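Participant: In case it helps, full-length UniProt numbering puts the sequence shown at residues 1 to 592.
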Amino acid sequence: MTDQLLIGAILLAALALFIWDKWRYDLVAMLALLAAAVFGLVPAAEVFTGFGNPAVITVAAVLIISHAMWRSGVVDALASLMKRVGDNSFLQMVALTGLTTLCSAFISNTGTMAIMIPVALQLSRSGLGHASKVLMPMAFGSLLGGTITMIGTPPNIIIADIRQAALGTSFGIFDFTPVGLTLALVGLVFMWIFSRILVPSSGSRNAANSPYDMSSYLTELYVPAGAALIGETLYEFETKIKDSFAVVAVKQGKQVITAPPRYYRIKEEDVLIVEADTETLQKIIDATGFELNADEELDQRFLVSDDIQVVEGVVGPDSRLIGRSAADLRIRHRFGVNILAVARQGQPVKPNLANIRFKPGDVLLLQGDAEVLADVFRRFGCFPLAQRSMRIGGTRKLFTPLIIFAVAIVLSALGWLSVPVAFTAAAGAMVFANIIPLRELYENIDWPIVVLLGATIPLGSALERSGAAATLADWALHISSGAPAAVAMVVLLIVTVALSNVVNNAAAAVLMAPIGLSMASTLGVSADPFLMAVAIGAALPFMTPIGHQSNILVMGPGGYAFGDYWKLGLPLTLLIIAVAVPLILWVWPLSA
1 MTDQLLIGAI LLAALALFIW DKWRYDLVAM LALLAAAVFG LVPAAEVFTG FGNPAVITVA
61 AVLIISHAMW RSGVVDALAS LMKRVGDNSF LQMVALTGLT TLCSAFISNT GTMAIMIPVA
121 LQLSRSGLGH ASKVLMPMAF GSLLGGTITM IGTPPNIIIA DIRQAALGTS FGIFDFTPVG
181 LTLALVGLVF MWIFSRILVP SSGSRNAANS PYDMSSYLTE LYVPAGAALI GETLYEFETK
241 IKDSFAVVAV KQGKQVITAP PRYYRIKEED VLIVEADTET LQKIIDATGF ELNADEELDQ
301 RFLVSDDIQV VEGVVGPDSR LIGRSAADLR IRHRFGVNIL AVARQGQPVK PNLANIRFKP
361 GDVLLLQGDA EVLADVFRRF GCFPLAQRSM RIGGTRKLFT PLIIFAVAIV LSALGWLSVP
421 VAFTAAAGAM VFANIIPLRE LYENIDWPIV VLLGATIPLG SALERSGAAA TLADWALHIS
481 SGAPAAVAMV VLLIVTVALS NVVNNAAAAV LMAPIGLSMA STLGVSADPF LMAVAIGAAL
541 PFMTPIGHQS NILVMGPGGY AFGDYWKLGL PLTLLIIAVA VPLILWVWPL SA
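1. Evaluate the contact criterion for the segment 425 to 436 versus the segment 2 to 13: three or more CB pairs, one atom per stretch, below 8 Å.
2. What's the C-alpha gap between Met390 and Ser500?
3. Give me whichever residues DSSP pairs with Asp362 in a beta bridge.
4. If you compare alpha carbons, which of Ala36, Leu27, Tyr25 is closest to Gly460?
5. Ile117 and Pro541: beta carbons closer than 9 Å?
6. For the alpha helix (DSSP H) containing Gln4, list its first residue and its last residue.
7. Excluding the five sequence neighbours on either side, which residues of its own chain have a C-beta within less than 8 Å of the C-beta of Tyr263, listed in chain order?
8. My output table needs one value for Tyr263: the three-state DSSP class, helix, strand or coil.
9. Ends of the beta strand (DSSP E) at Gly313?
10. In chain order, what residues of the same chain have a beta carbon less than 8 Å from the beta carbon of Pro178, not counting five sequence neighbours either side?
11. To the nearest angstrom, report how far apart Phe335 and Ala259 are at their CA atoms.
12. Give the straight-line distance between the Cα atoms of Pro448 and Glu269, rounded to the nearest whole angstrom.
13. Tell me whether the segment 153 to 172 and the segment 513 to 520 touch, counting them as touching only if at least three CB pairs, one residue from each stretch, are closer than 8 Å.
14. With distances taken Cα to Cα, identify the nearest neighbour of Ser89 among Phe562, Thr110, Leu121, Ser66.
15. Mind checking Lys254: buried by the 16 CB within 10 Å criterion, or exposed?
16. Hey, residue 650 and Thr97 are a contact pair by Cβ (cut 8 Å); roughly how many whole angstroms apart?
17. Counting along the chain, where does the alpha helix (DSSP H) carrying Glu464 start and finish?
18. Where Trp566 and Gly547 are concerned, what is the direct C-alpha to C-alpha distance, given to the nearest angstrom?
19. Ignoring anything shorter than 4 residues or poking outside the segment 390 to 433, list the alpha helix (DSSP H) runs there in chain order.
20. Return yes when the Cβ of Ser412 is within less than 9 Å of the Cβ of Gly172, no when it is not.
21. For Arg71, is the classification buried or exposed, using 16 other Cβ atoms within 10 angstroms of its Cβ as the cut-off for buried?
22. Assuming Ala370 and Gln282 make a contact with CB atoms under 8 Å, what is their CB distance in whole Å?
23. Kindly indicate which three-state DSSP category Pro589 falls into: helix, strand or coil?
24. Return the residue from the list Gly145, Asp375, Ser201, Tyr560 that minimises the CA-CA distance to residue 598.
25. Can you have a look at Leu272 and say buried or exposed, based on whether 16 or more other CB atoms are within 10 angstroms of its CB?
26. Applying the criterion that 16 or more other CB atoms from any shown protein chain within 10 Å of the CB defines a buried residue, is Leu385 buried or exposed?
27. Do you know offhand how far Val451's Cα is from Met30's?
28. Could you tell me which residues DSSP pairs with Pro484 in its beta bridges?
29. What are the uninterrupted segments assigned as alpha helix (DSSP H) that are 4 or more residues long and contained completely in the segment 496 to 543, given in chain order?
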């Protein structure tokens, strides 16, 4: 009983920290694992065995394959077909959500959304109207797509591995399809009909609206004869004025130097185009003697040139920017990139941009060299909100990854190779085929997810070994006392859904699967419907933005508030539960 109380206390503390979200989920999971090891709940020899678990290896391999498919332009090629849909907003929505759902069945939800969000934003300027009306359904569609195959989402891979350990055989790659595909179709039809009503449009962008009014950010400063700092560099200028601002262009007569280098020396009669707030501008004028030139309204034409671009990007859920500011990272000094504006939930954040602590879903407006911007996005885990063709290669690069991927699916589906072996081999083949460069092999594995899985798998075993899973199962059965076994499965499904909306869905699957197995064992019925209930519940967190990376990615571009998600997510969740229960029991009967 003491072991049950200890593992229960550790897991409750971990869940509280997951919900608090002050520390990243992989760190919380590792701390929980170490605490369980210190108290002897996980044997010393098994503390790190989770990192060698087939489920962890499979997830890592699928992430590599997903990046290779993303990089080769497979999804880009499909996304380009969206332009042929026409200007009908309903057809555009059907096409965008349908394609997102289909692609998410085979590659990562986040990778699919990174490609499809710019497509949706572009279409919003040509007939779709408010992009918010389609971005949330796209995110939910990516979650629905993940339920279609075993490799569509990490919870499915985990459930298949747990079945292997408990029953001796794993779920096959398409064993999830009858339930998952049906739920995906039902969910899509529901969103096509009701998202226009249930998804808010306030605060979001449409064809003629952007969260940034560039004229309110830019000011001309004229350098008169005798002004201070003439002959000094922009670096010295920026160092002297401690407040946050950026010189985004310099005009010399008719010539415009966009994003001037920091070693540029200020000359008499230069006109500096400065991005700064009113208070900072006054400090600059007082300190330098520069003159305010407010005769001309400024806009984005002063920010771009053949080499210099202004690009929006969204801060990803695992970005290195989260919790840090531009001043901390010295982005301007290190990369020559100006942060012109930041939008949060569709609204611009104006004061002191250099000291804003970035959050997941923030939209940044960056100015700099095109190649440098691409590197900054990759380095810091941000996703550009504009379509780029740089990933699309020739025919060989387009079809080679598809062939390799198809071979891996066939070999695993026929049982000739196990899923971990087939997909690890496919990931290796894509490296050897130079579809993904070796230098990018480890950069594009979502290491927080890998660490989370490696740490929580032993915790799940400890939950079962200590008897805590059986105790929790008994409590759940007591709640549904006297009712059929199907009611117990419904309780399990609802609890898993609730948990997945506040913690990482992979962690929800690891923690709830042992409880499902214990419930099935106590009732003397097949474990499969209970495992499927956990898989569905863990894979579909619709009600909060923190439930999944896809939800976070659309928060900024869609201008959503935290409370906007449940308006569509709650009725969609109730519908999915109502359809999933009889469907699971039909495909996976309770009779053992």
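Where a beta carbon is used, it is the ideal one built from N, C-alpha and C, also for glycine. Being a predicted model, the structure only gives us computed values, none of them experimental.
Facilitator: If we stick to the structure as given:
1. The segment 425 to 436 is not in contact with the segment 2 to 13.
2. In the sequence shown, the residue the question calls residue 390 occupies position 390. In the sequence shown, the residue the question calls residue 500 occupies position 500. A caution first: Met390 carries a pLDDT of 41, below 50, which makes its placement in the model unreliable, though a value can still be read off. If I take the Cα positions, the gap works out to 36 Å.
3. The residue given as residue 362 occupies position 362 in the sequence shown. Paired residue(s): none; Asp362 is not in a bridge.
4. Here residue 460 refers to the residue found at position 460 when the sequence shown is read from its first residue. The shortest Cα separation from Gly460 among Ala36, Leu27, Tyr25 belongs to Ala36.
5. Here the question's residue 117 lines up with position 117 in the sequence shown. Here the question's residue 541 lines up with position 541 in the sequence shown. Contact flag unset, no.
6. Locating residue 4 in the sequence shown gives position 4, where the first residue counts as 1. Taken as a continuous stretch (DSSP letters only), the alpha helix (DSSP H) holding Gln4 covers 2 to 20.
7. The residue given as residue 263 occupies position 263 in the sequence shown. Excluding positions up to five away in sequence, the list reads Thr233, Leu234, Tyr235.
8. Start at 1 with the first residue of the sequence shown, and residue 263 comes out as number 263. The answer is coil: DSSP assigns Tyr263 none of H, G, I, E or B.
9. Counting from one through the sequence shown, the residue named residue 313 turns up at place 313. It spans 308 to 315 - the beta strand (DSSP E) in which Gly313 sits, taken as one unbroken run.
10. Taking the first residue of the sequence shown as 1, we reach residue 178 at position 178. Only Leu583, Val587 meet the Cβ criterion.
11. By one-based count along the sequence shown, residue 335 stands at place 335. By one-based count along the sequence shown, residue 259 stands at place 259. Rounded to the nearest angstrom, the two C-alpha atoms are 12 Å apart.
12. As a working mapping, residue 448 is identified with position 448 in the sequence shown. As a working mapping, residue 269 is identified with position 269 in the sequence shown. When rounded, the distance between both Cα atoms is 53 Å.
13. yes
14. Along the sequence shown, read from residue 1 onward, the residue named residue 89 stands at position 89. With distances taken between Cα atoms, Ser89 lies closest to Leu121.
15. The residue labelled residue 254 in the question sits at position 254 within the sequence shown. When all chains shown are included, Lys254 counts as exposed.
16. Residue 650 lies beyond the stretch modelled for the chain, which goes from 1 to 592, so this question has no answer here.
17. As a first step, residue 464 is located in the sequence shown; it is residue number 464 there, counting from the start. Element bounds for Glu464: 447 to 465.
18. Numbered from its first residue, the sequence shown carries residue 566 at position 566. Numbered from its first residue, the sequence shown carries residue 547 at position 547. Each residue's Cα considered, the two are about 11 Å apart.
19. Qualifying alpha helix (DSSP H) stretches, in chain order: 395 to 413, 419 to 432.
20. The residue labelled residue 172 in the question sits at position 172 within the sequence shown. The residue labelled residue 412 in the question sits at position 412 within the sequence shown. In contact: Gly172 and Ser412 (Cβ atoms closer than 9 Å).
21. In the sequence shown, counting from the first residue as 1, residue 71 sits at position 71. Arg71 is buried by the Cβ-count criterion.
22. As a first step, residue 370 must be located in the sequence shown, where it is residue number 370. As a first step, residue 282 must be located in the sequence shown, where it is residue number 282. Wrong, their Cβ atoms sit about 34 Å apart, outside the cutoff.
23. Numbered from its first residue, the sequence shown carries residue 589 at position 589. Coil at Pro589, not helix or strand.
24. This structure does not reach residue 598, given that the chain is present from 1 up to 592, and the question cannot be answered.
25. Position 272 of the sequence shown, counted from the start, is the residue given in the question as residue 272. Buried.
26. To locate residue 385, count along the sequence shown from 1; it is residue 385. So Leu385 counts as buried.
27. If you number the sequence shown from 1, residue 451 lands on position 451. If you number the sequence shown from 1, residue 30 lands on position 30. Cα to Cα, the separation comes out at about 8 Å.
28. On the sequence shown, position 484 is the one that residue 484 refers to. Bridge partners of Pro484: none, in fact.
29. 505 to 523, 528 to 539
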